[in-house]
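Colleague: My structure is below; once you've seen it, I'll send some questions.
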Amino acid sequence: MDAMKPESTAPAPDPVEVREGLWKARSAHPRALFRIGVGKKHAQANSLYLEVNGKRRFEVGNDCDTCHFWFKMLQEPKTVATKKVVNLPKSLSVPRPTDAALIKDISPVIDLMDKGDHYVFNTQLNLVGPYASTDESSYFYNTEFQDLWDIEDPAAEDLLSGWEHYEARTPRVYRHGDILEKQFDFVIPLVPASKLKQENIRLYQQMIAGGDRPRVLLLGLLQRAVRPGQLPRHPRAQGEQVLPPRRRRLERPRPPRRAAGLARRGVSRRGLPAAVAALGGAALVIGQLFPLSPLVDAVEGGAFYDASLSFPAGYVLLAPLSALADLLTFSSKTQALAWLAWLFGAYWLAAPFREPRPALRALAGFLAYALLVLLFIAWALLSPRPMARLVLPDPDLLAVDLHSHSSCSHDGRRGFGPSANARWHEAAGFHAGFLTDHNKEACARRFASVPGFQALGGVELSLHGAHVLALSPHSVVPVERYQGGQAGLEAFLREAGPRWGALAVLSLPEYWKHHWH
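When the count follows the working numbering, it moves up by one through the sequence shown with no breaks and lands on 551 for the last residue.
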């Protein structure tokens, strides 16, 4: 094509070598025929547009370091005959080192760009395309975007151009210390799409080999400030080929903007909370279809229909936390340890659904999560949280607890004395209860009067590796009398009723292992 005459004779500023192989140049007569525009789109991150001759012709993605990059034609560019776009000098031969002389030779191309600094360097570009909606191998997204951004179908998500063009097969990745840069290249033949055929491509190659320069635009987007670890590592492309200069965009990292939904590798990271909430809601609905009674008849088995549980408003408002706290406090030691393992392990099980992070940030996140788990356990075990209450509609029925502890026992909670034990039972709906601390029956006699609740005395005796309750409201059983091994245990079982007026209850199943015949 014909070269334009310069609008003035002012010389271009001298190019500057930023570092080895990278030069910065500034146009003396910027024409802004090609420029990158930025605009809001549907309240999302800013979209980047390639403007040709002052009009937005192509959309090339979002201006964030971790968002989608795509290429979509908005309007097919028309021949810019009135602008007389220049070709590179036919005398230019490549490859050759990037230096001030080379930048002078390609200055007509720099003049076509917008004002500002432009960077020139050697790179290699392997072309693929054009897109075919039925051929996934033609998608630039196939390995880079579809796996990284959980894209299931670029065509269905309206990420394909609809216009024949070519792109670099893989973005180049450059690392400088702790800074990572990604370069995305789009080759845009400025000819009608209907004429972009394979024979044209071969013709272009022949023209280039003959020293001509077909009218092709290469758009390069270079992103910065992405920390290593956020994206998978890609090999740096090698080679020596001179390409038109790129505009450098300096952006700050932002999280990817992805709609929730199912994708090829499962639920997307952004869609995970919604998916978990949906599954939890579905589980609650299904659970209501198959309800289980919270009270069990220990004698006959099955549900106990003569009583129910009443839940205060505070318990209902904290239902997920309250239910889990109840489960932990009523579990055995082994079950509680298993719950702790799951609570701590859940953080790492969810790791594939989170954005990759540096090791120190990942460790800090886990420590913060562990602190939350420990605070929850402390709240469940130590705080006076809301609790369910037994309700007996029949006035002739009484709720009696046969086995409970206070702070007098080695496994009792500090500050939970006999009077606190009585208040707890009254709040839980019990009419009476036995305080059966370990070998310390005197504690059971120190109740404060609690209206609506009858405190009864007893003791839990440790006899020959077994734990036996002596429910004795009116007399004290001397534990030292029966510390004679298995003979002492058998003597107590014989004398509990006749001698002490006490009811002996074998409270734990350990007798089946050691003493049951």
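C-beta atoms are modelled at their ideal positions from N, C-alpha and C, and glycine is treated no differently.
Under 8 Å, do V425 and A341 count as touching if we go by C-beta distance?
Modeller: For this step, residue 425 is matched to residue 391 along the sequence shown. For this step, residue 341 is matched to residue 307 along the sequence shown. Yes, the Cβ-Cβ distance between V425 and A341 is below 8 Å.
Colleague: Pick from L503, G446, L497 and G499: whose alpha carbon is nearest that of F468?
Modeller: Reading the sequence shown from its first residue, position 434 is the one you call residue 468. If we check each option's Cα against that of F468, L503 comes out closest.
Colleague: Considering only the alpha carbon of each residue, which of E494, M147, S366 and A384 lies closest to R60?
Modeller: Translated into positions along the sequence shown, residue 60 becomes position 26. Closest by alpha carbon: M147.
Colleague: Given a threshold of 16 other Cβ atoms within 10 Å of its Cβ, counted over all protein chains shown, does E54 qualify as buried or as exposed?
Modeller: Locating residue 54 in the sequence shown gives position 20, counting from the first residue. So E54 ends up on the exposed side.
Colleague: Pop quiz: R91 and L108 are said to be a contact at Cβ under 8 Å. What is the actual Cβ separation, rounded to whole angstroms?
Modeller: As a working note, residue 91 is residue 57 in the sequence shown. As a working note, residue 108 is residue 74 in the sequence shown. About 6 Å; that satisfies the 8 Å criterion.
Colleague: Assign M147 to one of three DSSP states: helix, strand, or coil.
Modeller: Taking the sequence shown and counting its residues from 1, the one referred to as residue 147 is at position 113. Looking at M147 - three-state DSSP - the assignment turns out to be strand.
Colleague: Rank A337, R419 and L431 by C-alpha distance to the C-alpha of V350 and give the top, closest one.
Modeller: Taking the sequence shown and counting its residues from 1, the one referred to as residue 350 is at position 316. If we check each option's Cα against that of V350, R419 comes out closest.
Colleague: Alpha carbon to alpha carbon, how far is D139 from E93?
Modeller: Along the sequence shown, read from residue 1 onward, the residue named residue 139 stands at position 105. Along the sequence shown, read from residue 1 onward, the residue named residue 93 stands at position 59. Each residue's alpha carbon lies about 30 Å from the other.
Colleague: Hey, could you find the ends of the alpha helix (DSSP H) V350 is sitting in?
Modeller: Position 316 of the sequence shown holds residue 350. Residues A347 to L351.
Colleague: Rounded to a whole number of angstroms, what is the C-alpha to C-alpha distance between L343 and D428?
Modeller: By 1-based counting over the sequence shown, the position of residue 343 is 309. By 1-based counting over the sequence shown, the position of residue 428 is 394. Taking the straight line joining both Cα atoms gives about 14 Å.
Colleague: Does the segment 454–468 come into contact with the segment 373–386, if we say contact requires no fewer than three beta-carbon pairs (one atom in each stretch) closer than 8 Å?
Modeller: Not touching, per the Cβ criterion.
Colleague: Could you pull out every residue in the same chain whose Cβ sits closer than 6 Å to the Cβ of Y83, ignoring the five residues on either side in sequence?
Modeller: Walking along the sequence shown from the start, residue 83 turns up at place 49. Hits under 6 Å: G71, R90 and E93.
Colleague: Do the segment 359–373 and the segment 318–336 make contact, defined as three or more Cβ pairs closer than 8 Å?
Modeller: Cβ pair count under 8 Å is below three, so no.
Colleague: Given this structure, state the Cα-to-Cα distance separating H444 from L362, to the nearest angstrom.
Modeller: Here residue 444 refers to the residue found at position 410 when the sequence shown is read from its first residue. Here residue 362 refers to the residue found at position 328 when the sequence shown is read from its first residue. Cα to Cα, H444 sits roughly 20 Å from L362.
Colleague: In the DSSP assignment, the alpha helix (DSSP H) including F410 goes from what residue to what residue?
Modeller: Within the sequence shown, residue 410 is the residue found at index 376, counting from 1. Unbroken alpha helix (DSSP H) run through F410: A393 to L416.
Colleague: Would D430 be called buried (16 or more neighbouring beta carbons within 10 Å of its own) or exposed?
Modeller: As a position in the sequence shown, residue 430 is number 396, starting the count at 1. That one is exposed.
Colleague: Roughly how many whole angstroms lie between the Cα atoms of V154 and K58?
Modeller: Residue numbering aside, residue 154 sits at position 120 when the sequence shown is read from its first letter. Residue numbering aside, residue 58 sits at position 24 when the sequence shown is read from its first letter. If I take the Cα positions, the gap works out to 6 Å.
Colleague: Using beta-carbon positions only, say whether Y381 and F410 come within less than 8 Å of one another.
Modeller: In the sequence shown, the residue the question calls residue 381 occupies position 347. In the sequence shown, the residue the question calls residue 410 occupies position 376. Going by C-beta atoms, Y381 is not nearer than 8 Å to F410.
Colleague: Looking only at DSSP bridge pairs, what is Y339 linked to?
Modeller: Against the sequence shown, residue 339 aligns to sequence position 305. For Y339, which the question treats as bridged, DSSP gives no partner whatsoever.
Colleague: Tell me whether G492 sits in a helix, a strand or coil according to DSSP, three-state version.
Modeller: By 1-based counting over the sequence shown, the position of residue 492 is 458. Reduced to three states, the DSSP call for G492 is strand.
Colleague: Rounded to a whole number of angstroms, what is the C-alpha to C-alpha distance between P47 and V221?
Modeller: The count along the sequence shown starts at 1 and reaches residue 47 at position 13. The count along the sequence shown starts at 1 and reaches residue 221 at position 187. Going by the C-alpha atoms only, they are around 28 Å apart.
Colleague: Flag this pair as yes or no: are the beta carbons of G463 and H498 separated by less than 8 Å?
Modeller: Translated into positions along the sequence shown, residue 463 becomes position 429. Translated into positions along the sequence shown, residue 498 becomes position 464. Their beta carbons are not under 8 Å apart, which means G463 does not touch H498 by this criterion.
Colleague: Return helix, strand or coil for E274, following the three-state DSSP convention.
Modeller: As a first step, residue 274 must be located in the sequence shown, where it is residue number 240. Because the pLDDT of E274 is 29, which lies under 50, any placement of that residue in the model is unreliable, and the question is left without a value.
Colleague: Please report the straight-line C-alpha distance between A316 and L383, rounded to a whole angstrom.
Modeller: Here residue 316 refers to the residue found at position 282 when the sequence shown is read from its first residue. Here residue 383 refers to the residue found at position 349 when the sequence shown is read from its first residue. Each residue's Cα considered, the two are about 22 Å apart.
Colleague: Excluding the five sequence neighbours on either side, which residues of its own chain have a C-beta within less than 6 Å of the C-beta of L432, listed in chain order?
Modeller: Looking up residue 432 in the sequence shown gives position 398. Cβ neighbours of L432 beyond the five flanking positions: H465.
Colleague: On the CB-based measure, 16 or more other CB atoms within 10 Å of its CB, does D133 come out buried or exposed?
Modeller: The count along the sequence shown starts at 1 and reaches residue 133 at position 99. Per the 10 Å Cβ criterion, exposed.
Colleague: With burial defined as no fewer than 16 other Cβ atoms inside 10 Å of the residue's Cβ, what is the status of R448: buried or exposed?
Modeller: Here residue 448 corresponds to residue number 414 of the sequence shown, with the count starting at 1. Classification of R448: exposed, given that the 10 Å Cβ count is below 16.
Colleague: Consult DSSP for G73 and reduce its assignment to one of helix, strand or coil.
Modeller: Taking the first residue of the sequence shown as 1, we reach residue 73 at position 39. Strand, per DSSP.
Colleague: Can you look up K474 in the DSSP assignment and give me helix, strand or coil?
Modeller: By one-based count along the sequence shown, residue 474 stands at place 440. Coil.
Colleague: Cα separation between D99 and R65?
Modeller: Sequence index remark: in the sequence shown, residue 99 carries index 65 (1-based). Sequence index remark: in the sequence shown, residue 65 carries index 31 (1-based). Low confidence applies here, because D99 scores a pLDDT of 48, under 50, leaving its location unreliable and the question unanswered by this model.
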